[in-house]
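If you count the sequence shown from 1, position 88 lands on 88 in our numbering, and the numbers rise without skipping. Cβ coordinates follow ideal geometry from the N, Cα and C atoms, glycine included. Each remark here refers to the structure printed beneath this line.
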Amino acid sequence: MTPKALLETKIKKGTGTLTKILSQDTAETAEFAKHGQAPVQRWPVILQTEGWKDYRLLDMGEGQKLERYGRYTMVRPEPQAMGTKRLKPSAWEGADAIFTGDTDEEGPGRWKFSGNVQETWNMAYGPAKYVGRFMSFRHVGVFPEQAAHWDWVNQKVKAEQSAAPKKPLKVLNLFGYTGLASLLPAAHGAHVTHVDASKKAIGYARENQELSGLEDLPIRWICEDASKFVAREVRRGNKYDGIILDPPKYGRGPKGEVWDIYTCLPEMLANLRQILADDAAFMILTAYAIRSSFLSIHELMAETLATKGGLLESGELVIREENGARALSTSLFSRWSSR
C-alpha cells in the first residue's frame, strides 16, 4: 500500500471550528490499550483548525502571516511561511496593525498601527469571551491553533460527566496564560486549577472569566511557578483527571525560577505522572518554537505513560488559510486519552 493510501482523513466538527485529523487510521478504528499496558501509539497526526467567527488566517508568505482577530487585521512575522503571498499587496498594506522590529520568536519588537485601533477588543469562542490586546513579543492573547485541543477536551469532559455525573472532572491547566483552556472545560462541568507564573496573565484570565459571565465556575486561579506547584501536589497526594501542559521554551517564575523546556520537561512529566489519577481521562502537551521533532515529545510522553493504556497520538497543530489552499504549521503536540 502506498503512503498516500495509508493516509486517511477524518473531519471533526467542533464548537465554532473545523478540525481535521490526518493519520494512518481514523478515530473510529483506533484501538485503546487496557490500563497496565503501554498506550497504543499513533503518529503522525495533523490537527488542523480552519478558524471561526473571530479568527481567520487570510494569507501567508515571505516570512509573514496576515490574520484577522475579531475586527482587526494584522501582520506578524512567521518563519514557517516560506512560500509566496497570494493576496494583493493592498490587503497587506491595509492591515490595522503590523508587528515590526525584532523578528526573533522571543524578541519584543513593536506594533505599528493604522487608523483608529483600540488597545483591546472583545472576541468569543463558544461560551468563552476573551479580550484581544496588542502585547509585546507579537502576541494578542490567544493561540488559535489550540482550538483543536479545546474541542477535544470539551468532548472528553462531556463524555466523562455523562458517564459519572456526580463526579466532577478535575482538570489541571499549567502555563495557563489567558485562560481559554480553563474556561471552556469549566463551562462544561469540570473543576479546573489554572496555574501561571505571571500575575499579569492571571489578571487577563480572570478578566476573560468576568467578560464571559462565568464568575461562578469552579476555577482556582494560582500565580506560581508551575514546577513548584506540581512538586507540592505530589507531596500532598492530590490527583487530577485531566492535565493540560502548554509550556514555553524558556521562562521565569515569580521568584526567579528558571524554566528550560529541554532540561525541565522530563522532570515535570515524571511528577505529573504521579498526580495523574488512576482512572484519568486525558493529558495534553504542546510545544512551541523548539528545534525538535514531534517524535521527541512523543517518546517522552510514551515513557511517562508507559502503563496507562489508552491511546497516545502526536504530531503538529496547523492552521488552514481562509481559502483552504495552504496550511501553516504552528507547534508540536502529544496527547493521551484513556478511552
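query, result
"Span separating the alpha-carbon of S314 from that of G115", "43 Å"
"Exposure label - A27; buried when at least 16 CB within 10 Å", "Note on A27: pLDDT 46, under 50, position unreliable in the model; the coordinate value appears next. With fewer than 16 other Cβ atoms within 10 Å, it is exposed."
"Residue-level contact to chain C via CB, W336, 9 Å cutoff", "Going by chain labels, chain C is absent from the structure shown, which holds only one protein chain."
"Where V258 falls, given that 16 or more other Cβ within 10 Å makes a residue buried", "exposed"
"Contact between the region 265 to 275 and the region 204 to 215 (3+ Cβ pairs under 8 Å)", "no"
"Extent of the continuous beta strand (DSSP E) to which L328 belongs", "A327 to S337"
"Length of the line joining the Cα atoms of S338 and P44", "19 Å"
"Through-space distance from G242 to R76, alpha-carbon basis", "33 Å"
"8 Å Cβ shell around G324 - same chain, five flanking residues per side excluded", "E50"
"C-alpha gap between I297 and D225, whole angstroms", "22 Å"
"Assumed close pair M74, A95 - CB separation to whole angstroms, cut-off 8 Å", "6 Å"
"Length-filtered (3 minimum) beta strand (DSSP E) runs lying within the region 94 to 165", "97 to 100, 110 to 113, 120 to 125 and 128 to 133"
"Proximity below 9 Å, CB of K112 to CB of F99", "yes"
"Coarse secondary structure for R71, derived from DSSP in three states", "coil"
"Counted within 10 angstroms of its Cβ, other Cβ atoms place S293 as buried (16 or more) or exposed", "exposed"
"Whether V157 touches V171 by CB criterion (9 Å)", "yes"
"Closest Cα partner of G63 within the set S329, A181, Q41 and E322", "S329"
"CB contact flag (E145, F134, <9 Å)", "no"
"F137 classed as buried or exposed, judged by whether at least 16 other C-beta atoms fall within 10 angstroms", "exposed"
"Proximity winner among P79, E160, A181 and K167, relative to I284 (alpha-carbon distances)", "A181"
"CA-to-CA distance, I290 to R320, given in whole angstroms", "21 Å"
"Outcome for N154 when other beta-carbon atoms lying within 10 angstroms are tallied against a minimum of 16", "buried"
"Close beta carbons around A201, own chain, < 7 Å, minus the five adjacent residues each side", "Y177 and T178"
"Cβ neighbours of E322 in the same chain (closer than 6 Å, five flanking residues each side left out)", "R56 and L58"
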